[in-house]
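Chemist:
Number of protein chains: 4
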Amino acid sequence: MIAVLCFDVDAEAAVLAADERHEANAMAISHQRFGPEVGVPRILALLAEYDLPATFFVPGETALRHPGAVERILADGHEIGHHTHRHRSALGHGPNEERRDFELALEALQRYGVSPKGHRAAMWEASWLTPSLIAEHGLTYDSSLMDRDSPYILELGDGAEIAEVPPHWSLDDWEQYAFLPDPPIGSIINSPPQVAAMWKHELDSMRRHGATFVLTCHPFLSGRAGRIEALREVIEHALDSGDVEFKSAATVAEATLADPTSERLKLRPSVDPS
Amino acid sequence: MIAVLCFDVDAEAAVLAADERHEANAMAISHQRFGPEVGVPRILALLAEYDLPATFFVPGETALRHPGAVERILADGHEIGHHTHRHRSALGHGPNEERRDFELALEALQRYGVSPKGHRAAMWEASWLTPSLIAEHGLTYDSSLMDRDSPYILELGDGAEIAEVPPHWSLDDWEQYAFLPDPPIGSIINSPPQVAAMWKHELDSMRRHGATFVLTCHPFLSGRAGRIEALREVIEHALDSGDVEFKSAATVAEATLADPTSERLKLRPSVDPS
Amino acid sequence: MIAVLCFDVDAEAAVLAADERHEANAMAISHQRFGPEVGVPRILALLAEYDLPATFFVPGETALRHPGAVERILADGHEIGHHTHRHRSALGHGPNEERRDFELALEALQRYGVSPKGHRAAMWEASWLTPSLIAEHGLTYDSSLMDRDSPYILELGDGAEIAEVPPHWSLDDWEQYAFLPDPPIGSIINSPPQVAAMWKHELDSMRRHGATFVLTCHPFLSGRAGRIEALREVIEHALDSGDVEFKSAATVAEATLADPTSERLKLRPSVDPS
Amino acid sequence: MIAVLCFDVDAEAAVLAADERHEANAMAISHQRFGPEVGVPRILALLAEYDLPATFFVPGETALRHPGAVERILADGHEIGHHTHRHRSALGHGPNEERRDFELALEALQRYGVSPKGHRAAMWEASWLTPSLIAEHGLTYDSSLMDRDSPYILELGDGAEIAEVPPHWSLDDWEQYAFLPDPPIGSIINSPPQVAAMWKHELDSMRRHGATFVLTCHPFLSGRAGRIEALREVIEHALDSGDVEFKSAATVAEATLADPTSERLKLRPSVDPS
Chain A
274 MIAVLCFDVD AEAAVLAADE RHEANAMAIS HQRFGPEVGV PRILALLAEY
324 DLPATFFVPG ETALRHPGAV ERILADGHEI GHHTHRHRSA LGHGPNEERR
374 DFELALEALQ RYGVSPKGHR AAMWEASWLT PSLIAEHGLT YDSSLMDRDS
424 PYILELGDGA EIAEVPPHWS LDDWEQYAFL PDPPIGSIIN SPPQVAAMWK
474 HELDSMRRHG ATFVLTCHPF LSGRAGRIEA LREVIEHALD SGDVEFKSAA
524 TVAEATLADP TSERLKLRPS VDPS
Chain B
274 MIAVLCFDVD AEAAVLAADE RHEANAMAIS HQRFGPEVGV PRILALLAEY
324 DLPATFFVPG ETALRHPGAV ERILADGHEI GHHTHRHRSA LGHGPNEERR
374 DFELALEALQ RYGVSPKGHR AAMWEASWLT PSLIAEHGLT YDSSLMDRDS
424 PYILELGDGA EIAEVPPHWS LDDWEQYAFL PDPPIGSIIN SPPQVAAMWK
474 HELDSMRRHG ATFVLTCHPF LSGRAGRIEA LREVIEHALD SGDVEFKSAA
524 TVAEATLADP TSERLKLRPS VDPS
Chain C
274 MIAVLCFDVD AEAAVLAADE RHEANAMAIS HQRFGPEVGV PRILALLAEY
324 DLPATFFVPG ETALRHPGAV ERILADGHEI GHHTHRHRSA LGHGPNEERR
374 DFELALEALQ RYGVSPKGHR AAMWEASWLT PSLIAEHGLT YDSSLMDRDS
424 PYILELGDGA EIAEVPPHWS LDDWEQYAFL PDPPIGSIIN SPPQVAAMWK
474 HELDSMRRHG ATFVLTCHPF LSGRAGRIEA LREVIEHALD SGDVEFKSAA
524 TVAEATLADP TSERLKLRPS VDPS
Chain D
274 MIAVLCFDVD AEAAVLAADE RHEANAMAIS HQRFGPEVGV PRILALLAEY
324 DLPATFFVPG ETALRHPGAV ERILADGHEI GHHTHRHRSA LGHGPNEERR
374 DFELALEALQ RYGVSPKGHR AAMWEASWLT PSLIAEHGLT YDSSLMDRDS
424 PYILELGDGA EIAEVPPHWS LDDWEQYAFL PDPPIGSIIN SPPQVAAMWK
474 HELDSMRRHG ATFVLTCHPF LSGRAGRIEA LREVIEHALD SGDVEFKSAA
524 TVAEATLADP TSERLKLRPS VDPS
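Protein chains in written order, with the numbering used here: chain A, 274 to 547; chain B, 274 to 547; chain C, 274 to 547; chain D, 274 to 547.
#1: Are any of the Cβ atoms in chain B nearer than 8 Å to that of C/ARG306?
#2: Out of C/LEU494, C/LEU429 and C/MET479, point me to the one whose CA is closest to C/ILE461's CA.
#3: Using the three-state DSSP reduction, which class does C/LEU453 fall into: helix, strand or coil?
#4: Would B/ASN463 be called buried (16 or more neighbouring beta carbons within 10 Å of its own) or exposed?
#5: Could you tell me whether the stretch 411-418 of chain B touches the stretch 431-442 of chain B, where touching means 3 or more Cβ pairs closer than 8 Å?
#6: Can you check DSSP and say which residues form a bridge with C/ARG537?
#7: I need the straight-line Cα distance from A/VAL544 to B/GLU296, nearest angstrom please.
#8: Tell me which residues share the same chain as D/PHE452 and place their Cβ nearer than 6 Å to its Cβ, disregarding the 5 neighbours each side in the sequence.
#9: Name, in chain order, the residues that DSSP records as bridge partners for D/ILE353.
#10: How would you label C/ARG294, buried or exposed, when you count the other beta carbons within 10 angstroms and need 16 or more for buried?
#11: Measure the C-alpha to C-alpha separation of A/PHE280 and A/LEU476 and round it to an integer number of angstroms.
#12: From what residue to what residue does the alpha helix (DSSP H) around D/VAL343 run?
#13: DSSP on B/ILE508, reduced to helix/strand/coil?
#14: Name the residues in the stretch 398-421 of chain C whose C-beta lies less than 9 Å from a C-beta of chain D; which are they?
#15: May I ask you to list the residues that DSSP assigns as paired with A/GLY459?
#16: Can you look up B/LEU406 in the DSSP assignment and give me helix, strand or coil?
#17: For C/VAL313 and C/GLY496, what's the separation of their Cα atoms in angstroms?
#18: Which of the residues in the stretch 452-470 of chain A, read from start to end, lie with their CB under 9 Å from any CB of chain D?
#19: Give the single residue among D/PRO309, D/ALA363, D/TYR323 and D/VAL282 whose Cα lies nearest to the Cα of D/ASP513.
#20: If distances are taken between C-alpha atoms only, which option among A/PRO368, A/LYS520, A/ALA498 and A/THR403 comes closest to A/PHE329?
#21: Please state the DSSP three-state secondary structure of A/ASP324.
#22: Which chain D residues are close to A/GLU285, counting only those with a beta carbon under 7 Å from its beta carbon?
#23: Using a Cβ-Cβ cutoff of 9 Å, what residues of the stretch 314-338 of chain C are near chain B? List them in chain order.
#24: Under 8 Å, Cβ to Cβ, is there at least one residue of chain D near C/ARG537?
#25: Below 7 Å between beta carbons is the criterion; list the residues of the stretch 340-370 of chain C that meet it against any residue of chain D, in chain order.
#26: Please tell me whether A/ARG481 has its Cβ less than 8 Å away from any Cβ of chain B.
#27: Measure the C-alpha to C-alpha separation of B/GLY483 and B/GLY365 and round it to an integer number of angstroms.
#28: Count the other CB atoms, across all protein chains shown, that sit within 10 Å of the CB of B/GLN467; report buried if there are 16 or more and exposed otherwise.
#29: First and last residue of the beta strand (DSSP E) that includes D/ASP445?
#30: Does D/ARG497 get closer than 8 Å to chain C when you measure Cβ to Cβ?
#31: Could you confirm whether any beta carbon from chain C is found closer than 8 Å to the beta carbon of D/GLU296?
#32: Chain E partners of C/VAL311, CB-CB under 8 Å?
#33: Provide the residue span of the beta strand (DSSP E) that contains C/VAL487, from first to last.
#34: Going by C-alpha to C-alpha distance, which of C/ALA321, C/ALA336 and C/LEU320 sits closest to C/GLU285?
#35: Starting from the beta carbon of D/MET300, find every residue of chain C whose beta carbon is closer than 7 Å, and list them in chain order.
#36: Taking the CB atoms as reference points, tell me whether B/ARG345 and B/ILE501 lie closer together than 8 Å.
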């Protein structure tokens with residue numbers, strides 16, 4: 274069984290994408306900065322302790338604001354993935370703006386010598402253009418779509434193809450822990466031991482169904498002490514089970530693309546069936 | 274004691290009914306497609322493993338978009354029920370539109386040779402016209418009203434009558450698992466083992482009160498690994514109790530209509546008492 | 274220690290107060306009718322089984338719509354309290370309308386020979402006029418204010434006084450179980466055993482602090498099988514503790530008014546302190 | 274390990290800051306008054322029982338409305354901190370209004386002879402001006418920012434510096450217990466034993482990460498019997514662990530400022546990185 278640990282280092286971008294007026298909210302900005310400044314080092318220490326690889330999806334703006342976090346992630350040998358520039362949904366701003374944002378993110382990462390292999394849409398809200406942008410810019414996988422719970426090959430229709438490494442809301446710390454009144458990023462704070470229990474159940478269930486465990490955590494959330502210890506509990510549970518291999522999303526994507534038995538899906542925008 | 278397992282195969286219709294602009298949201302569409310493409314086969318396998326009948330309520334649009342899912346359900350011998358065409362509430366669009374949608378759904382199902390015996394309103398939001406549409410089109414039961422927790426006969430006032438197989442929000446996976454920010458279909462992700470515990474408690478309590486356990490799950494939700502294993506836990510609990518019979522909604526409705534001791538209620542639109 | 278079981282028989286009024294257009298929603302109306310038609314008889318049976326008194330707060334409109342429920346409650350010897358006529362907040366419609374609604378509720382109850390001793394505001398949203406209306410119409414207590422967790426005497430400033438039997442959101446089934454999308458009466462469905470655990474903890478804690486356990490349940494919610502069994506668990510826990518006496522709200526109010534050691538508070542509308 | 278118990282005595286101000294029309298809501302006002310009138314004495318008794326120091330952040334308006342509560346807190350030797358005058362966010366009203374509110378709060382506390390050492394923003398929503406107001410008025414610490422989970426020194430850029438004692442949403446009773454429909458201060462009521470379990474887990478986890486446990490409770494919430502007993506459980510867990518010292522926020526701030534090894538951060542408003 275394969276497990277992929279993803280850390281989306283949204284930082285300030287997650288609140289500023291909602292509205293730039295949140296720059297005036299010193300508490301909200303400090304709340305988000307906790308991610309790259311405290312959460313990332315703690316997460317890196319946890320990964321080092323168990324010698325696990327991971328994938329950090331870093332918005333371009335976050336990379337520019339927090340060079341130290343990017344450098345630490347790279348120094349520890351982890352993958353950095355493309356996570357848009359401004360952490361805005363791909364929807365609602367049009368294809369030109371999506372392309373421009375995609376390329377700004379690439380430029381930001383390239384300042385650190387990073388040529389990302391994969392992309393994850395902000396809030397996973399990909400458009401039907403997103404896969405083409407990924408392929409066109411030489412990336413090899415996406416991690417935003419949810420029509421499977423195992424990796425597959427996504428055929429883009431023009432001969433191009435990318436891998437999809439599917440995430441899901443149920444394996445995301447945001448729904449369990451995020452809380453801010455303004456912007457209203459979340460309204461519930463769940464107990465870390467209960468979250469750990471849910472994710473361990475999910476891991477065991479996914480094994481039974483041949484699925485791939487793709488967990489998404491955010492350093493501004495799961496870098497908090499109680500949550501990082503819940504994450505440790507999940508990791509130890511996986512390791513104790515004896516058959517779980519932790520891999521980066523890029524490694525999983527590469528293996529998927531190379532495997533002739535991989536499931537293949539065609540990119541199919543939704544259409545009115547009537 | 275009788276248990277009815279219902280699976281509402283909403284798929285894309287559940288988000289497109291809110292607003293067709295969600296067609297542009299590749300993630301949301303993929304999230305919904307998981308239901309017919311992965312969830313339905315898993316649910317069918319689970320039912321086969323325990324040799325249980327079930328009722329699949331399939332919107333007309335879903336049937337047209339996902340012929341494979343419909344055919345698998347039929348091949349396994351399960352009931353397919355009417356679940357509107359577009360998965361829109363019966364309220365807010367007027368009686369002509371409700372009738373038109375009702376008939377489009379019948380046409381869609383008839384392409385697969387299905388003449389549904391029962392109807393369930395989208396989001397259970399039936400109008401006072403809905404029961405008449407059901408009777409007029411030769412269906413024999415509804416599963417949307419909540420004034421009882423056991424099946425009864427609903428007298429429509431013109432001599433016609435249908436059976437009602439009452440669902441309830443507390444026996445629905447949507448309130449426990451659904452999460453999407455846009456459209457905002459839900460905002461909480463509960464832990465599957467906690468949901469299983471709640472439903473097992475409900476089953477045991479309903480036995481004590483002579484009620485019928487009518488569970489509603491959605492393949493895009495309960496087809497996920499952790500949730501399908503929670504559903505298995507509920508099924509095993511029911512089977513272990515020794516006195517629970519699983520039946521399709523149509524079978525329950527037929528028995529209700531044939532039973533002279535069934536409770537009979539008149540269709541009574543609400544009126545101002547003053 | 275004293276425990277007061279209150280049942281607010283809101284029925285249709287709880288959704289029609291939000292907007293009369295919900296009359297068109299057959300499911301929502303049926304959902305609310307479950308309260309007086311199924312929930313009330315089950316609750317009466319539960320109370321009879323343990324020989325406990327209780328107080329049923331019944332809106333005037335509900336009394337008119339559901340004579341059978343009112344008669345059953347009276348036949349079992351329970352108290353019926355005033356719960357407004359239309360189940361609308363006392364706020365937002367002005368003092369004339371509040372007075373008119375108060376009197377309509379009295380008229381409705383008087384059709385059953387009921388002269389209520391106490392009043393509870395809809396959603397507990399009392400105005401500063403509400404206590405005067407209560408006193409002026411010869412009722413002796415209110416159960417809407419939350420500045421204490423034990424009964425007290427409320428002095429109205431003109432020599433009049435009533436008792437207050439304080440409820441609280443944490444001892445209400447609505448926040449735990451209510452769910453309807455439209456009107457949005459609630460968005461969470463908690464597990465009955467977890468609710469029972471919370472209320473048992475509250476009972477034990479209130480004993481330690483000399484408080485009075487005033488529990489509010491709604492037949493359309495707690496009349497459901499899983500919830501009524503949770504309520505039974507709370508009742509049995511209280512009885513097992515050996516020192517809990519169940520009393521009606523009127524009995525508690527009467528004792529409070531008669532007790533010279535009762536705490537006395539003056540009615541004090543809020544004022545700007547600056 | 275250090276633990277700081279903070280009690281934010283918001284009382285009526287928490288609802289009136291949303292809209293002064295809530296003055297008309299007798300229930301909501303009574304709900305808030307429970308804090309200073311019942312919650313504060315219970316919390317003081319709990320602290321006395323374990324001989325623990327604590328910090329009470331009291332809005333100026335609350336101090337003027339509830340002199341008895343202020344006097345009791347002072348009589349028991351606890352710290353009183355500045356918590357704005359009207360309990361409004363520092364955002365949205367401009368710097369002149371923030372300064373004016375800050376000074377009104379000082380005046381209100383000074384009527385009781387209190388010269389507060391520290392400040393906490395209402396809802397923790399500090400502006401970038403807030404730290405300067407704190408330093409300018411001779412206070413020595415803030416407790417609103419969340420970029421660390423241990424105290425640090427905040428350099429204001431003009432040579433001035435204050436201590437920051439970081440709070441966090443996960444260690445706040447508001448998110449777990451607050452419920453009012455109007456104003457909508459919260460929509461979930463969690464079970465006190467579950468909250469105690471979460472906070473005990475957080476305490477143990479924070480020890481592992483060298484963090485400082487800064488708990489925030491509100492007397493109108495945690496003064497309720499079930500919640501105060503949950504708080505007792507957390508306190509006893511901390512005491513049982515043998516290495517936890519309870520300190521007031523002012524004591525922690527003073528030690529932070531005096532410690533040459535304290536972390537030092539510069540006040541850095543957020544800027545567009547591009």
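Idealized CB from N, CA, C, for every residue including glycine. Remember, it's a predicted structure, so these values are computed and weren't measured experimentally.
Modeler: Let me spell this out:
#1: yes
#2: When only C-alpha atoms are compared, the closest one is C/LEU494.
#3: strand
#4: buried
#5: yes
#6: C/ILE426
#7: 7 Å
#8: Within its own chain, the residues whose Cβ lies closer than 6 Å to the Cβ of D/PHE452, once the five positions on either side in sequence are excluded, are GLY459 and ILE462, listed in chain order.
#9: D/PHE329
#10: exposed
#11: For A/PHE280 and A/LEU476, the gap between their C-alpha atoms comes out near 18 Å.
#12: 340-348
#13: helix
#14: GLU398, ALA399, SER400, TRP401, LEU402, THR403, PRO404, SER417, LEU418, MET419, ASP420 and ARG421
#15: A/LEU453
#16: helix
#17: 7 Å
#18: PHE452, LEU453, PRO454, ASP455, SER460, ILE461, ILE462, ASN463, SER464, PRO465, PRO466 and GLN467
#19: D/TYR323
#20: A/LYS520
#21: coil
#22: SER543
#23: The stretch 314-338 of chain C vs chain B, Cβ under 9 Å: ARG315, GLY333, GLU334, THR335, ALA336, LEU337 and ARG338.
#24: no
#25: Per Cβ criterion, the list reads LEU364.
#26: Yes, A/ARG481 lies at the interface with chain B (some Cβ there is under 8 Å from its Cβ).
#27: 36 Å
#28: buried
#29: That residue, D/ASP445, is in no beta strand (DSSP E); it is neither H nor E in DSSP.
#30: yes
#31: D/GLU296 has a beta carbon lying within less than 8 Å of a beta carbon in chain C.
#32: In the structure shown, chain E does not exist; the protein chains are A, B, C and D.
#33: 486-490
#34: C/ALA336
#35: Here the neighbours are ALA394, TRP397, GLU398, ALA399, SER417, LEU418 and MET419.
#36: no
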